[in-house]
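Residue numbers (the working numbering): -6 to 119.
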């Protein structure tokens, strides 16, 4: 089964770490973007199944990008990513129709949890 992912984060190290984890799982095509504007362009180009979207980015932040992505690709599964798992961030993410929330630093278990949720919600779970 092929699942494509788009990682959106202004931090190169974070993008690399998450991309390595996803590739380690062995069945994901991984693309990256360093900001919200690039994310929207890549989303149109590659039509990812799962989008990992950082909240705190310069320019267009994760919440603004989420709103744009929902108009561009409403069916995408979007997991918000943050170094701060505050209730305010989680609540705002859910209000804007994010499908999940993951706090940095990542663990393989957290990443797999988001992917399992995606598979379950889309009916692709085995």
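All C-beta atoms in this analysis are idealised placements derived from N, C-alpha and C, irrespective of residue type, glycine included. In this text, all values refer to a predicted model and were calculated from it rather than measured experimentally.
Cβ distance (whole Å) where residue i is taken to contact residue j below 8 Å
{"i": "residue 10", "j": "residue 32", "result": "Actually they do not touch by this definition, with Cβ atoms about 18 Å apart."}
{"i": "residue 23", "j": "residue -2", "result": "5 Å"}
{"i": "residue 66", "j": "residue 90", "result": "Residue 66 to residue 90, Cβ: 12 Å. No contact."}
{"i": "residue 2", "j": "residue 47", "result": "4 Å"}
{"i": "residue 111", "j": "residue 37", "result": "At roughly 20 Å, the Cβ-Cβ gap does not stay under 8 Å, so residue 111 and residue 37 are not in contact."}
Residue i, DSSP secondary structure in three states
{"i": "residue 99", "result": "coil"}
{"i": "residue 31", "result": "helix"}
{"i": "residue 123", "result": "The first residue shown for the chain is -6 and the last is 119, placing residue 123 beyond what the model contains."}
{"i": "residue 55", "result": "helix"}
{"i": "residue 115", "result": "coil"}
{"i": "residue 38", "result": "helix"}
{"i": "residue 14", "result": "helix"}
Per DSSP, cross-strand counterpart(s) of residue i
{"i": "residue 26", "result": "1"}
{"i": "residue 43", "result": "-2, 70"}
{"i": "residue 21", "result": "-4"}
Practice task
Counting only runs of 3+ residues fully inside the segment 58 to 93, write out the beta strand (DSSP E) ranges in chain order.
Solution key: 70 to 75
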